[in-house]
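**Q** Here it is, the structure, as structure tokens.
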Amino acid sequence: MTYILYGHRRSGSLAVEMALAEIGADYQVRDVDLEADAQRDDRYALVNPQRKVPALVAPSGETLTESAAILLTLDQRHPEGELLPKDTAERAQALRWLLFVATEIYPLVEINDYPERFSPTPETAMALREVVRSIWRERWLLVEREIAGNPYLLSSGFCLTDLYIAVVSRWAQQDSWRPENLPRVEELTAAVAARSATAPVWSRHRPEATPGRFG
Ligand SMILES: N[C@@H](CCC(=O)N[C@@H](CS)C(=O)NCC(=O)O)C(=O)O
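Residue numbers for the sequence shown follow numbering that gives the first Met the number 0, so the first one is 0 and each next one is one higher.
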């Protein structure tokens, strides 16, 4: 009953790995070195034809991709992990903001990280990246305003969307902008990083940034 997670440090696979830790599942990690473009390798395309991480191979042998879909599948298969609230109104908000981050924010990171893929000429790539970072900031301000709990998204407490927010919010080189502009996202992230199940995973991916609060 072992999951195999294809991922890389600090990437979207961190959210999946923390969810596996939360539910107490057995898993092994296979590193796909994004710095070395290992995701472009034809052997990895056999796992995920889209050549991105994360990909999760379930104990049954089926392969799952798309980080949000993976988290929702883990919740469905491991209800004892309580990754989503049972209350339907709270659950709706958890899904709403999970999907907002997955569809409106996460895709921007590809443009930030690989602007040349989207730019008609090499000269416009850097300008495009700046536009994307500005849209990134606008969209995170929307998330910031919706954090209803303290420190988590929902007033009812922790859910899988918190994992997702914590991971994705670290990207796009916004370390100096975030603390002043997204204080609730910062507190939520500190809380996720300090949970007993997720703290070891978080500090393996982000040893330099493990907050000491919410211990
Ligand atoms: N929609 C996908 C996006 C996955 C994605 O963009 N992953 C990034 C790492 S966080 C990646 O593999 N990038 C490598 C590339 O674009 O070549 C998901 O949610 O799983």
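Where a beta carbon is used, it is the ideal one built from N, C-alpha and C, also for glycine.
1. So, is P199 buried or exposed, given that buried needs 16 or more other C-beta atoms within 10 angstroms?
2. State yes or no: is the beta carbon of R29 nearer than 8 Å to at least one beta carbon in chain C?
3. If we ignore side chains and look at the alpha-carbon of each, how far apart do Q75 and S155 end up?
4. Alpha carbon to alpha carbon, how far is P106 from E79?
5. Under 8 Å, do R128 and I110 count as touching if we go by C-beta distance?
6. Spatial neighbours of L73 within its chain, please: C-beta separation below 6 Å, excluding the five flanking residues on both sides.
7. Does I134 come out as helix, strand or coil in the three-state DSSP assignment?
8. Apart from the five residues on each side of it in sequence, which residues of its chain come closer than 6 Å, Cβ to Cβ, to V56?
9. Apply the 10 Å Cβ neighbour rule to L13 and answer buried if 16 or more other Cβ atoms are within range, or exposed otherwise.
**A** So, from the listed chains and residues:
1. exposed
2. Of the protein chains in the structure, only one exists, and it is not chain C.
3. 19 Å
4. 31 Å
5. yes
6. A18
7. helix
8. I3, T62
9. buried
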